[in-house]
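J.: The structure is given below, and queries will be raised subsequently.
Residue numbers (this note's numbering): 61 to 257.
As structure tokens, this is what we get:
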């Protein structure tokens, strides 16, 4: 953590506050976080709000730029590998086995979003307007035109694993993964909800 614009840095131990409610199996996220779970990704919503996606269904939110953290009630007990804050204040959380969830209230409640895949989902990017792209293993690219409410599966022919993505334009993605860096076109892709391959 830096308090002088990056001139010097100090280490701060991650210590989340207990969640607002307990999880389905009766343990709170705060209790489980003491077990040394791996924190997979940290993202910003563009203000002082930060989110962390972690193992074993752990999700965290900070309202003060990372000075303090609170556990969120999780919709899933598997590992999350990423989160994506959306322009309208909504939030996506994604991870193992094609699991994707959307929250319209900063992570207080969640709805499961069908993906049409069981591949690990690992990277995401916002596109122009209400567009969203999510990438994962086995050449999975998920695209949404409605703010992450529905997705269509754009299975890449080479099935190479993808780990991160950026929007190059409204219709093109730059993605990296096991086959290096690739440009992926969204033009001509079928529209509609995700379906199994």
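We put the CB at the ideal spot given by N, CA and C, even for glycine.
(1) Would you call the segment 165-173 and the segment 200-213 in contact, with 3 or more CB pairs under 8 Å?
(2) Could you give the DSSP three-state label for residue 237: helix, strand or coil?
(3) If I measure Cβ to Cβ from residue 66 and keep anything under 6 Å in the same chain, skipping five residues before and after, which residues do I get?
(4) So, with DSSP's three-state summary, where would you put residue 91?
(5) Of all the options 148, 147, 162, which has the alpha carbon lying nearest to the alpha carbon of residue 154?
(6) In whole angstroms, give me the CA-to-CA distance for residue 198 and residue 68.
(7) How long is the line joining the alpha carbons of residue 194 and residue 111, rounded to whole angstroms?
(8) Strictly by DSSP, which residues pair up with residue 123?
(9) Round the Cβ separation of residue 109 and residue 141 to the nearest angstrom and send it over; I've been treating them as touching at under 8 Å.
(10) Around the Cβ of residue 240, are there at least 16 other Cβ atoms within 10 angstroms (buried) or fewer (exposed)?
(11) Classify residue 247 as helix, strand or coil using the three-state DSSP reduction.
(12) Where DSSP assigns a beta bridge to residue 102, which residues make up the other side?
(13) Starting from residue 182, follow the beta strand (DSSP E) in both directions and report where the run begins and ends.
(14) If we ignore side chains and look at the alpha-carbon of each, how far apart do residue 202 and residue 237 end up?
T.: Concretely, from the data shown:
(1) yes
(2) strand
(3) none
(4) Because the pLDDT at residue 91 is just 42, under 50, the model does not fix this residue reliably, and the point stays unresolved.
(5) 162
(6) 41 Å
(7) 17 Å
(8) Residue 123 is not bridged to any residue.
(9) Not a contact, Cβ separation roughly 20 Å.
(10) exposed
(11) coil
(12) 112
(13) 181-186
(14) 15 Å
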